[in-house]
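> Heads up: the sequence shown begins at 32 in my numbering, then just goes up one per residue.
Just so you know, even glycine gets a beta-carbon here, dropped at the ideal spot from N, CA and C.
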Amino acid sequence: MTGSDEASPSQPVPLPDASRRLVVAIDGPASSGKSSVGAAVAAAIGARFLDTGLLYRALTWLCLERRLRPEDGPAVAGLVGEIDLGPDEAGHLARVLVDGRDVADRIRTPRVDRAVSEVSRQPEVRAALLDRQRAIAAAGAIVVAGRDIGSVVLPDADVKVWLDASAEERAARRARERGFDPASPPGIAILDELRRRDQADGSRAVSPSRPADDAVHVRTDGNTFEETVAAVLAVVRAAGAVAEGSP
Numbered sequence: 032m033t034g035s036d037e038a039s040p041s042q043p044v045p046l047p048d049a050s051r052r053l054v055v056a057i058d059g060p061a062s063s064g065k066s067s068v069g070a071a072v073a074a075a076i077g078a079r080f081l082d083t084g085l086l087y088r089a090l091t092w093l094c095l096e097r098r099l100r101p102e103d104g105p106a107v108a109g110l111v112g113e114i115d116l117g118p119d120e121a122g123h124l125a126r127v128l129v130d131g132r133d134v135a136d137r138i139r140t141p142r143v144d145r146a147v148s149e150v151s152r153q154p155e156v157r158a159a160l161l162d163r164q165r166a167i168a169a170a171g172a173i174v175v176a177g178r179d180i181g182s183v184v185l186p187d188a189d190v191k192v193w194l195d196a197s198a199e200e201r202a203a204r205r206a207r208e209r210g211f212d213p214a215s216p217p218g219i220a221i222l223d224e225l226r227r228r229d230q231a232d233g234s235r236a237v238s239p240s241r242p243a244d245d246a247v248h249v250r251t252d253g254n255t256f257e258e259t260v261a262a263v264l265a266v267v268r269a270a271g272a273v274a275e276g277s278p
């Protein structure tokens with residue numbers, strides 16, 4: 032991962048109390064590290080964490096299980112009420128509950144990868160999940176990761192970060208996570224799928240994936256995970272200091 036030009040790794044230091052109440056939006060393309068970085072940032076400031084991609088992946092998985100067409104927006108949106116998120120041991124909303132079963136381990140598969148962009152581009156689906164995401168964030172003290180959080184879901188978030196990396200870097204990370212050599216056929220297939228998904232997510236008519244105008248950009252190519260977390264924490268720390276000094 033490389034950080035933003037001005038951000039550099041630093042030792043963790045206590046954050047102002049106000050920063051613990053902030054709403055932090057972290058956006059970026061697929062496999063840019065939003066979820067893992069967001070969870071680490073939330074833990075560092077004592078906040079909750081929500082990866083909104085879990086909702087879309089869970090909905091896609093359920094759609095496929097029910098043999099619905101991913102492009103049938105109204106039908107897929109009708110499944111939203113069957114999905115709940117529960118806290119894990121760290122308090123992060125990482126458990127995906129369908130009919131009381133935790134299916135989190137079933138939603139990160141190539142089958143879901145191929146269909147999730149089609150599901151997420153449906154206006155009815157995005158509208159159905161919008162209120163759910165805003166309701167979760169309403170209490171504050173939360174880090175929310177996704178692709179349109181700062182621009183659409185939480186436009187008034189206190190902190191907005193756009194995490195980015197080249198498609199090659201992101202594909203290599205995902206391949207290694209799945210036990211593949213990035214240069215192997217499965218690794219190359221992951222790169223092709225990421226490029227396709229970037230195109231689909233960036234060109235959809237409703238809530239395309241793009242940085243908010245006031246987002247701080249953090250480029251992560253070549254960074255270690257710790258360096259990227261430090262870069263984002265520096266942004267949060269600065270916003271918390273401003274909040275701490277506000278009347």
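How should Glu-102 be labelled, buried or exposed, when 16 other C-beta atoms within 10 angstroms of its C-beta is the threshold for buried?
The residue given as residue 102 occupies position 71 in the sequence shown. Glu-102 comes out exposed.
> Can we say the stretch 188-201 touches the stretch 242-255, given the rule of at least three CB pairs closer than 8 Å?
Enough Cβ pairs lie closer than 8 Å, so yes.
> Have a look at Asp-133 and Pro-60 and give me their C-alpha separation to the nearest angstrom.
The sequence position of residue 133 within the sequence shown is 102, counting from 1. The sequence position of residue 60 within the sequence shown is 29, counting from 1. Rounded to the nearest angstrom, the two C-alpha atoms are 26 Å apart.
> Is it buried or exposed for Asp-232, if we count other Cβ within 10 angstroms and need 16 for buried?
Locating residue 232 in the sequence shown gives position 201, where the first residue counts as 1. Label assigned to Asp-232: buried.
> Consult DSSP for Pro-217 and reduce its assignment to one of helix, strand or coil.
Here residue 217 corresponds to residue number 186 of the sequence shown, with the count starting at 1. Pro-217 falls in the helix class under three-state DSSP.
> Thinking C-alpha only, which one of Gly-112, Val-111, Glu-113 and Leu-128 is nearest Asp-119?
Taking the first residue of the sequence shown as position 1, residue 119 is located at position 88. Selected option, being the one with the closest Cα: Leu-128.
> By alpha-carbon positions, which one of Asp-179, Tyr-87 and Val-68 ends up nearest to Ala-265?
Position 234 of the sequence shown holds residue 265. Comparing Cα positions, the closest option is Val-68.
> Let's test the definition: count the other Cβ atoms within 10 Å of the Cβ of Ser-234 and tell me whether it reaches 16, buried, or not, exposed.
Here residue 234 corresponds to residue number 203 of the sequence shown, with the count starting at 1. Looking at its Cβ environment, which holds fewer than 16 other Cβ atoms inside 10 Å, Ser-234 is exposed.
> Roughly how many whole angstroms lie between the Cα atoms of Ala-146 and Glu-257?
Residue numbering aside, residue 146 sits at position 115 when the sequence shown is read from its first letter. Residue numbering aside, residue 257 sits at position 226 when the sequence shown is read from its first letter. Cα to Cα, Ala-146 sits roughly 32 Å from Glu-257.
> Work out the CA separation of Ala-106 and Gly-117 for me, nearest whole Å.
Walking along the sequence shown from the start, residue 117 turns up at place 86. Walking along the sequence shown from the start, residue 106 turns up at place 75. Roughly 24 Å separates the two Cα atoms.
> Is DSSP giving Phe-211 helix, strand or coil here?
For the purposes of this step, residue 211 is taken as residue 180 along the sequence shown, with counting starting at 1. Looking at Phe-211 - three-state DSSP - the assignment turns out to be coil, as it is neither helix nor strand.
> Tell me which same chain residues have a C-beta within less than 6 Å of the C-beta of Ala-108, skipping the five on either side of it?
The residue given as residue 108 occupies position 77 in the sequence shown. Excluding positions up to five away in sequence, the list reads Glu-155, Val-156 and Ala-159.
> In whole angstroms, what separates the C-alpha of Asp-261 from that of Asp-229?
As a position in the sequence shown, residue 261 is number 230, starting the count at 1. As a position in the sequence shown, residue 229 is number 198, starting the count at 1. Reading the sequence as shown, one finds Ala at residue 261 and not Asp. Rounded to whole angstroms, Ala-261 to Asp-229 spans 26 Å at the Cα level.
> For Ala-121, does the three-state DSSP call read helix, strand or coil?
Translated into the one-based positions of the sequence shown, residue 121 becomes position 90. Of the three classes helix, strand and coil, the one that applies to Ala-121 here is coil, per DSSP.
> For Glu-149, which residues of its own chain have a beta-carbon under 6 Å away from its beta-carbon, when the five flanking residues on both sides are left out?
Mapped onto the sequence shown, residue 149 falls at position 118. Closer than 6 Å at the Cβ level, and outside the excluded window around Glu-149, lie Pro-101 and Glu-102.
> Using the Cα positions of Arg-205 and Ile-221, report the straight-line distance between them to the nearest angstrom.
Your numbering for residue 205 matches position 174 in the sequence shown. Your numbering for residue 221 matches position 190 in the sequence shown. Arg-205 and Ile-221: Cα-Cα distance of roughly 8 Å.
> Check for me: the alpha helix (DSSP H) holding Gly-180 runs from which residue to which?
As a first step, residue 180 must be located in the sequence shown, where it is residue number 149. Note that residue 180 is Ile in the sequence shown, not Gly. Element bounds for Ile-180: n/a, residue is neither H nor E.
> Please specify which runs of the beta strand (DSSP E), each continuous and at least 3 residues long, are wholly inside the stretch 123-179, giving them in chain order.
For the stretch 123-179, whole beta strand (DSSP E) runs of length 3 or above, ordered along the chain, are 124-129 and 173-177.
> Can you check whether the CB of Ala-121 is closer than 8 Å to the CB of Asp-189?
Reading the sequence shown from its first residue, position 158 is the one you call residue 189. Reading the sequence shown from its first residue, position 90 is the one you call residue 121. No, they are not a contact pair.
> Within the same chain, show all residues whose beta-carbon is closer than 6 Å to that of Ile-180, passing over the 5 residues directly before and after it, in chain order.
The residue you call residue 180 lines up with position 149 of the sequence shown. Ala-56 and Asp-58, listed in sequence order.
> Does Gly-34 pass the burial test, meaning 16 or more other C-beta atoms within 10 Å, or should it be called exposed?
Residue numbering aside, residue 34 sits at position 3 when the sequence shown is read from its first letter. Only weak support exists for where Gly-34 lies, its pLDDT of 40 falling under 50; the value from the coordinates is given anyway. Buried, by the Cβ-count rule.
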